Amino acid sequence: MWFPIIGLIIGILLGSIFTFPVPIVYAKYLSIAVLAALDSLLGGVRGILEDSFDGTILLSGFFTNTLLAALLAYMGDHLGVDLYLAAVLAFGIRLFNNLGFIRRDFINRYRAKRKIL
Amino acid sequence: MTWKRYLPITIACIITGMLLSSALRAQTALENSEKASRNQTLIDIINSLEEETKVLEETIDSLRAQIEKIQNEEAPGQQGYVASLQDQIQQLKLRSGQTNVSGPGIIIVLDDNTAGAEAAKINNPEFYNPEDFIVHDKNLLYLISAIRGEAEAIAINNQRLAANSDIRCVGTVIMVNSSRLAPPYEIKAIGDPLRLEAAVLNSDEYVYLKSKEMPVTITKAEEISLPGLKGLGTISYTQPVKEEKKEEKQEEKGD
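Each protein sequence line maps, in turn, to chains A and B.
For what it's worth, this note's numbering labels the leading residue of the first sequence as 187, then goes sequentially.
For what it's worth, this note's numbering labels the leading residue of the second sequence as 269, then goes sequentially.
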């Protein structure tokens with residue numbers, strides 16, 4: 187149960203210790219990628235809580251979403267359209283949706299436990 | 269078996285963490301570089317321009333020394349004429365403020381009211397305005413105006429004032445002769461010390477500064493030395509009006 191959280195902490199530590207230098211020009215795309223990754227993660231957590239979790243789907247979604255989001259933002263910058271806004275909006279909405287489901291799942295679990303006791 | 273179940277999401281978490289921290293660092297680096305680069309270019313420009321000014325002033329000095337040398341080489345057979353010309357040049361230089369001068373006069377020292385600012389900051393911070401406690405360009409300008417009639421030569425922080433000298437406010441510093449000055453401001457004026465002192469004491473600006481409790485001190489001195497003006501603009505547009513034309517114009521006005 188605690189593996190994901192420990193993993194997140196390890197990741198942050200790794201990221202702060204091993205500084206793989208990101209050119210400043212790509213800072214914006216990196217931020218979008220982070221948003222996409224967070225979205226995938228929350229989706230995964232929701233999957234675990236709802237017992238519909240599939241590791242392959244999560245990982246594939248994680249990578250494609252992250253890359254696509256960064257790519258979309260990059261393309262938008264070169265086409266002169268703020269495509270990154272589309273990514274921010276889509277991932278933002280999904281993030282909050284997933285968060286809502288996760289909250290509900292937790293509350294339901296808690297209530298179920300109390301009923302059993 | 270549970271750890272295998274959580275393996276994919278753990279991997280995703282690790283990667284997200286790495287992305288997150290590097291994105292954070294990239295963003296802060298971006299902000300810092302934006303601020304730093306904008307300021308840095310401006311600072312570089314200022315420094316290089318000041319450097320240039322210094323070099324140019326040195327050139328002026330050396331050229332003047334050359335001119336002086338040539339002027340002092342007396343032409344044979346015309347000694348009296350050359351000597352009188354040299355006298356004239358010396359007089360003109362003295363009048364235009366190009367020579368180092370010394371003589372009796374007064375020294376006015378004007379500083380920011382830091383004590384008052386501290387007190388105001390503590391006592392009523394909502395009404396505290398740092399502008400009220402610092403020396404402005406106008407304070408200097410009005411003080412100079414008060415003594416200009418009596419003084420034969422004036423300098424602020426060793427910047428000699430001449431006909432084309434400026435006293436300006438640029439941001440938080442006062443510029444005189446386009447050089448940056450820092451408080452305390454020391455106005456040195458050569459002239460009759462008593463009359464100069466009276467001129468300052470009777471000026472509105474002095475009364476105003478005293479009423480604001482700005483630290484102003486006036487001291488009379490037997491011997492003050494002022495530097496000459498470093499750069500003097502050339503006169504390229506102004507031409508002396510010929511006497512005949514002047515009369516004509518006056519006549520026209522009379523009509």
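Ideal Cβ placement from N, Cα and C applies to all residues, glycine included.
All figures in this text were calculated on a predicted structure; none of them were measured in a lab.
Cβ-based neighbour list, residue i, same chain, cut-off 7 Å, excluding 5 preceding and 5 following
i	result
E465 of chain B	I374, I486 and K488
Y505 of chain B	none
V208 of chain A	L216
N251 of chain A	A222, D225 and S226
A423 of chain B	L429, K456, L494 and P495
8 Å CB neighbourhood of residue i in its chain, flanking five on each side removed
i	result
L287 of chain B	none
V441 of chain B	R448, L449 and A450
H404 of chain B	C437 and I442
E491 of chain B	S370, G371 and P372
D291 of chain A	R232, L235 and E236
Chain A residues whose Cβ lies nearer than 7 Å to that of residue i
i	result
T309 of chain B	The premise fails here: T309 of chain B is roughly 17 Å from chain A at the closest Cβ pair, so nothing lies under 7 Å.
C281 of chain B	P190, G193, L194, G197 and L227
Q507 of chain B	Near Q507 of chain B there are no residues of chain A at all, since even the closest Cβ is about 57 Å away, more than 7 Å.
A450 of chain B	Simply none; closest approach about 36 Å.
A294 of chain B	V208, I210, A213 and L216
Beta-carbon neighbours of residue i, restricted to chain A and to distances below 8 Å
i	result
G285 of chain B	G193, L194, I195, I196, G197, I198, L199, L200 and G201
L298 of chain B	I210 and A213
Counted within 10 angstroms of its Cβ, other Cβ atoms place residue i as buried (16 or more) or exposed
i	result
A298 of chain A	exposed
N426 of chain B	exposed
A253 of chain A	Note that residue 253 of chain A is Leu in the sequence shown, not Ala. Label assigned to L253 of chain A: exposed.
G522 of chain B	For G522 of chain B, the pLDDT reaches just 45, beneath the cut-off of 50, and the residue's location in the model is therefore unreliable, although a value from the coordinates is still provided. Flag for G522 of chain B reads exposed.
N300 of chain B	exposed
L353 of chain B	exposed
N391 of chain B	exposed
E418 of chain B	buried
L524 of chain B	This structure leaves residue 524 of chain B out entirely; chain B is present only between 269 and 523.
E473 of chain B	buried
Chain-ordered neighbours of residue i on chain B, where CB pairs are closer than 8 Å
i	result
G241 of chain A	R273, L275, P276 and I277
V220 of chain A	T284, L287, L288 and A291
L245 of chain A	P276, I279 and A280
S238 of chain A	By Cβ distance, chain B contributes nothing, its closest Cβ being about 13 Å from S238 of chain A, past 8 Å.
Contacts that residue i makes with chain B (C-beta to C-beta distance below 7 Å)
i	result
G230 of chain A	I277 and A280
F248 of chain A	A280
Under 9 Å from the C-beta of residue i: neighbouring residues of chain B
i	result
D254 of chain A	Position check: residue 254 of chain A holds Leu in this sequence, whereas Asp was assumed. Per Cβ cutoff of 9 Å: no residues; L254 of chain A is ~14 Å from chain B at best.
Contact set for residue i: own chain, Cβ-Cβ below 6 Å, skip 5 residues either direction
i	result
D225 of chain A	F277, R280 and L281
T367 of chain B	K361 and G496
S471 of chain B	A414
Y270 of chain A	I218, A259 and G262
At least 3 beta-carbon pairs within less than 8 Å: the region 255–265 of chain A vs the region 273–287 of chain A = yes
Three CB pairs or more closer than 8 Å across the region 456–464 of chain B and the region 329–341 of chain B | no
Does the region 209–216 of chain A come close enough to the region 288–297 of chain B that 3 or more CB-CB pairs lie under 8 Å?
-> yes
Which runs of the alpha helix (DSSP H) spanning at least 4 residues fall entirely within the region 350–428 of chain B, listed in chain order?
-> 382–391 and 405–416
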